[in-house]
Amino acid sequence: MDFGLSFCSNILCHSDRFCGAKFYCVKNSAGNNFEVFVVKFEHFIARRYLFAKHKINFITIISYLSITGITIGVAALIVVLSVFNGFSNLVTSYLISFDPHIRIEAVSEAAQKELPQLQTSLAKESLQYVTPYVKGKIVVVNGNLNQVVELKGIDFTDEKVTENFEGKMLLGDILPQQSTGTSEILIGAYLADRMQAAIGDTLSIISPSSVEKAIASFSLPKIYKVVIKGIFLSNNNEYDASLIFCPLPEAQNILSYKNSLQGIEIKLVDEQDAFPLKEKLQARLSDEFIVSTWYDFHKDLYSVMNIERWVAYALLMMIIAVAVFNILGSLSMSVLEKRRDIGILKVKGATEASIKKIFLLQGFYVGIIGTLAGFALGLLVYYLQTTYKLYPLNPLEYKIDAIPMNLRLTDFFAVGGASILLSTFAALLPAKKASEINPVEAIKWE
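So the sequence shown is numbered by numbering that gives the first Met the number 0: it starts at 0 and just counts up by one.
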């Protein structure tokens, strides 16, 4: 009866190094001999080499340094990626607090005529709000100062729409739901500073459409007078420096939209639902509509942040790579030290594949131990930072009181998987050398 790796129990236990493994005893075909084989003996020997009590030597020190290096590298990666996640979530929260989750823009007059019906249809679904808008470039003038900015008209009669401005009004108030008879606007804080404008000041607005009409009629362009009702600070420098809000009817008049709309903006309960909803809307609408999500509005920003994240990942993986070289060195010396043991195993019937597996498992175990220890250290740093704010920030300068951190399960898989794979890969060369050892020469010269 052949079990691939079989040998007599009295020979197996001849070396106390192998005793304690799990054996099964079976009868051979003659019924009077017993053959013994070890269950997963490669794991047993690999663990014995790593965890058995023995004197501290150079190989042991290198093994400990390997585990320490992997621990530090994994912990550093978890902490840094968590910080990137924290800042990414912070930026997203700032942006979507002022942006819609989905914007549907009509690119033709025919599509614009369909917007009211589309708005009515979407309003029946379980969405936070669906609101129309128009926007366009204008020139705003205050005395000798002028600036090209974007004017956006929204429905201030919808309370859910005006909730976006709550907590963001630096000075003044949100525009009233009912018209006061005066053309009032909300202006960004940085734009107000550039224009040297304050609450109650009157600004002049010139639109491109009024300039076109003036050129066609050889007259002066029509100038619209507006009064600053409030100054907002949205935490988005681009908006704060170049955006003006006004009621939808006035924006339609200034931008010459008459009673038509430019598009529809949608706010959802969960911003992550924007992506499947975008796919549904794109399948439903014609090519004369452009459907964008909050991610699309700032795609360049998110792309840069993603590149920075992967660069940091690659650089910090170098720490683990150094530890992996230590694994290569320690296992190579271990092969030389264990030549006699390897020879005995081969004499007893161990195959080259089994010998190779023993040393691969050692690299695997080192990777597992270092990775788990790194996870624990990274989680400890995360707990201390989120609970006790080990690295505080000045909220007046950075708008947050501490470095934000956010853990993601995918990061643990990416870091842990790479760490364990590299550790196992580092054991390939020593494992190959061990499997090629001649058992006769190994035992003869020991």
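Don't be surprised by glycine CBs; every beta carbon is placed ideally from N, CA and C. As the structure is a computational prediction, the values presented were derived from the model and not from experiment.
Under 8 Å between the Cβ atoms of residue i and residue j?
i	j	result
VAL133	LEU247	yes
ILE205	ILE222	yes
ASP157	TYR128	yes
ALA250	LYS159	no
MET404	SER92	no
ILE319	GLY72	yes
SER241	VAL148	yes
THR130	ILE153	yes
SER62	ALA322	no
LEU359	ALA430	yes
ILE69	SER422	yes
PHE288	ILE103	yes
GLU183	VAL225	yes
GLY187	ASP239	yes
SER434	ILE343	no
TYR381	LEU406	yes
SER259	SER208	no
ASN145	PHE97	no
LEU126	LEU267	yes
Need the endpoints of the beta strand (DSSP E) that residue i sits in, please.
i	result
TYR128	128 to 141
ILE204	201 to 205
GLU149	144 to 153
TYR382	Unbroken run through TYR382 is the alpha helix (DSSP H), 351 to 387; no beta strand (DSSP E).
LYS228	223 to 231
GLU396	First-last for GLU396: 394 to 397, but that is the alpha helix (DSSP H), not the beta strand (DSSP E).
Would you grab the beta carbon distance between residue i and residue j for me? Rounded to a whole angstrom, and I think it's under 8 Å.
i	j	result
PRO99	ILE265	6 Å
PRO438	LYS345	4 Å
ALA417	MET316	7 Å
ILE306	ILE137	Actually they are not in contact, since the Cβ atoms of ILE306 and ILE137 sit about 35 Å apart, beyond 8 Å.
LEU389	LEU395	About 20 Å; that fails the 8 Å criterion.
ILE341	ILE436	5 Å
ALA105	GLN281	ALA105 to GLN281, Cβ: 14 Å. No contact.
LEU94	ASN236	Not quite, the Cβ-Cβ distance comes to about 11 Å (not below 8 Å), so this is no contact.
ILE263	GLN118	5 Å
Contact criterion: CB-CB distance below 8 Å. Does residue i meet it with respect to chain B?
i	result
ILE184	Of the chains in the structure shown, none is chain B; there is only one protein chain.
Which stretch, first to last residue, makes up the alpha helix (DSSP H) that contains residue i?
i	result
GLU237	236 to 241
GLU165	Run containing GLU165: none; DSSP gives neither H nor E here.
GLY416	408 to 425
LEU185	Careful: LEU185 lies outside any alpha helix (DSSP H), inside the beta strand (DSSP E) at 183 to 187.
LYS345	338 to 346
Are three or more beta carbon pairs between the segment 372 to 383 and the segment 72 to 80 nearer than 8 Å? A contact is defined here as three or more CB-CB pairs under 8 Å, and the segment 372 to 383 meets this definition with respect to the segment 72 to 80.
Is the segment 158 to 177 touching the segment 289 to 298 in the sense that three or more CB pairs, one from each, lie closer than 8 Å? The segment 289 to 298 vs the segment 158 to 177: no contact.
Taking only runs that begin and end inside the segment 253 to 319, name each unbroken alpha helix (DSSP H) of 4 or more residues, in chain order. List check, alpha helix (DSSP H) in window: 273 to 283, 293 to 296.
Okay, do the segment 83 to 93 and the segment 324 to 339 touch, 3+ Cβ pairs below 8 Å being the bar? Result no; under three Cβ-Cβ pairs closer than 8 Å.
Just to confirm the assignment: which complete alpha helix (DSSP H) runs, minimum length 4, are found wholly within the segment 63 to 124? Annotation note: the segment 63 to 124 contains the following uninterrupted alpha helix (DSSP H) runs of length 4 or greater, listed N- to C-terminal: 108 to 122.
Decide if the segment 318 to 330 is in contact with the segment 423 to 438; the criterion is three or more beta carbon pairs, one per stretch, under 8 Å apart. Touching, yes.
Below 8 Å, how does it come out for the segment 184 to 202 and the segment 221 to 235: are there three or more Cβ pairs, yes or no? Yes: the two stretches touch, three or more of their Cβ pairs being nearer than 8 Å.
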